[in-house]
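J.: Residue numbers (this note's numbering): 19 to 474.
Below is one structure. I have some questions about it.
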Ligand SMILES: C[S@@+](CC[C@H](N)C(=O)[O-])C[C@H]1O[C@@H](n2cnc3c(N)ncnc32)[C@H](O)[C@@H]1O
């Protein structure tokens, strides 16, 4: 029997050893799927000892290395696997995912295209190709790629969800928002576990001013799942229930754990997110220089987009966030000295006079009345320390907080000023800028700097 090309490149073993490596590989994959990464890594390596160069073990170990923050090693392993099995669409697709998550969008695109060449009906690769084209702002190509996906896979719920999101992000007319609502509805009908589709459906309906329908979507959802934090929060956001004083912890966790994988791409590429840069620039204007001398808390650090902007100022940089999923992404950056999963107000209270700077980009939008959290931030600052934060702006001269249909709170300038004063901040500056886009429209925010006085 002639040896296959792949077999000529791996060490040839006896049939007994072959059976052994297959058993260990199966165990490794089971551990991997169960999230036991230590056991999985150990077993993949055992497979590679039993059978050097085994391509599946190298491929999956590569995925695992990336999950553990060793992305370069992951890339090397999958590339090595692909030298042995160059027509493996999943390996090309997974290699693309690593490049995408590391921000190498052109490389990711190349990998997805190779995956599609190996098996043109690889829905995940087609889906990923569309996402990466969208992230490169190649809007027409992205639209064609999503359309092709839906044509090839008319029962693929995630494809409808992404097309709906794309149409809403790039809506140029009411018709696009209507189509987005239809896509979200179909995504949910095809996969009732896709709750983000349901949440998005409510938001599109609200955008279309079909408020009664939006409220009904969330009401039905609450009736089905009374303990689910998302419909409870969103029902209040549409005016169908009383707004909570701040977004509940379980709501924040649910939303951001689910958002962690796509947050950077969605915010930076699709929503023109600028809050970290704007805030860092404003703060930089108040500081003597980037001399690495401050203890800094990145409050609501998310995936760590602020880390590279804060690092030059930091002697020690700590990140805190309620969402474990977001914190895991921040950990992959490797730039924080400490990362903690915790609720922000409680965390600030537990660290009195601990920081020179508390920096919070786009996080206090999840708080209604700001008084309590600003009071806690004041207590967590050292004398002369700076608090820097952005919040979405509500219009009007009164002291008011609105929970908007996006699920985020908006504060009037008067409210921000009053909450800062009652927390005890002495010096304050409140600027205004565009933080990002929503439904194609700019979102205006307050860019706030406040200093704790030298005494007390
Ligand atoms: C829009 S993201 C911003 C993340 C990051 N600051 C940035 O600019 O990329 C908001 C973050 O605030 C976190 N968050 C919201 N409410 C929180 C709370 N009460 N305690 C801690 N984190 C919270 C969310 O989990 C999320 O990661």
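All residues carry an ideal CB built from backbone N, CA and C; glycine is no exception.
From the DSSP output, in three-state form, read off residue 422 for me.
T.: Residue 422 sits at position 404 when you count from the first residue of the chain shown. In this structure, residue 422 counts as coil in the three-state DSSP scheme.
J.: Does the beta-carbon of residue 361, which I'm using as the reference point, lie nearer than 7 angstroms to any heavy atom of ligand 1?
T.: The sequence position of residue 361 within the chain shown is 343, counting from 1. Flag set: Cβ of residue 361 near ligand 1.
J.: Quick one: which unbroken beta strand (DSSP E) runs of 3-plus residues sit fully inside the region 279-365? Chain order, please.
T.: Entirely contained in the region 279-365, the beta strand (DSSP E) runs reaching 3 residues are, in chain order, 312-317, 332-339, 356-359.
J.: Any heavy atom of ligand 1 closer than 7 angstroms to the Cβ of residue 293?
T.: Position 275 of the chain shown, counted from the first residue, corresponds to residue 293. Yes; taking the cut-off as 7 angstroms, the Cβ of residue 293 has a heavy atom of ligand 1 nearer than that.
J.: Among the candidates 84, 43, 48, whose CA atom is the shortest distance from the CA of residue 75?
T.: Here the question's residue 75 lines up with position 57 in the chain shown. Selected option, being the one with the closest Cα: 43.
J.: Which of the three DSSP states is assigned to residue 225 in this structure?
T.: Along the chain shown, read from residue 1 onward, the residue named residue 225 stands at position 207. Reduced to three states, the DSSP call for residue 225 is helix.
J.: Under 7 angstroms from any heavy atom of ligand 1, does the C-beta of residue 120 make it?
T.: To locate residue 120, count along the chain shown from 1; it is residue 102. Residue 120: no, Cβ never under 7 angstroms from ligand 1.
J.: So does the region 270-288 actually touch the region 438-449, counting three or more Cβ pairs closer than 8 angstroms?
T.: No, the region 270-288 is not in contact with the region 438-449.
J.: Enumerated in chain order, which unbroken segments of the beta strand (DSSP E) with a length of 3 residues or greater are wholly contained in the region 84-160?
T.: The qualifying runs do not exist here; there are none.
J.: The beta strand (DSSP E) that contains residue 191, what's its start and end?
T.: For this step, residue 191 is matched to residue 173 along the chain shown. Per DSSP, residue 191 belongs to no beta strand (DSSP E) and is neither H nor E.
J.: With respect to 7 angstroms, is the separation between the Cβ of residue 270 and the closest non-hydrogen atom of ligand 1 below this value?
T.: Along the chain shown, one-based indexing puts residue 270 at 252. Yes, the Cβ of residue 270 comes within 7 angstroms of a heavy atom of ligand 1.
J.: Three-state secondary structure (DSSP) at residue 369?
T.: In the chain shown, counting from the first residue as 1, residue 369 sits at position 351. In this structure, residue 369 counts as coil in the three-state DSSP scheme.
J.: Sorted by chain position, which residues of the same chain lie with C-beta nearer than 6 angstroms to residue 79's C-beta, five sequence neighbours on each side aside?
T.: The count along the chain shown starts at 1 and reaches residue 79 at position 61. So the qualifying residues of the chain are 62, 95.
J.: Less than 7 angstroms between C-beta atoms, sequence neighbours within five positions excluded: which residues of the same chain meet that for residue 92?
T.: Position 74 of the chain shown, counted from the start, is the residue given in the question as residue 92. These residues qualify, in order along the chain: 80, 81, 83, 84, 116.
J.: Quick check on the burial criterion: 16 or more other C-beta atoms within 10 angstroms. Buried or exposed for residue 218?
T.: For this step, residue 218 is matched to residue 200 along the chain shown. Buried.
J.: Exposed or buried, residue 146, counting other C-beta atoms within 10 Å across all chains shown (16 or more means buried)?
T.: Residue 146 sits at position 128 when you count from the first residue of the chain shown. Buried, by the Cβ-count rule.
J.: Of all the options 377, 396, 350, 335, which has the alpha carbon lying nearest to the alpha carbon of residue 370?
T.: Against the chain shown, residue 370 aligns to sequence position 352. Comparing Cα positions, the closest option is 396.
J.: Mapping DSSP to helix, strand and coil, what is residue 259?
T.: If you number the chain shown from 1, residue 259 lands on position 241. If DSSP states are grouped into helix, strand and coil, residue 259 belongs with coil.
J.: For the alpha helix (DSSP H) containing residue 407, list its first residue and its last residue.
T.: Translated into positions along the chain shown, residue 407 becomes position 389. Not the alpha helix (DSSP H): residue 407 falls in the beta strand (DSSP E), residues 399-411.
J.: For the alpha helix (DSSP H) that contains residue 60, what are its first and last residues?
T.: Locating residue 60 in the chain shown gives position 42, counting from the first residue. Where residue 60 is concerned, the enclosing alpha helix (DSSP H) stretches over 55-68.
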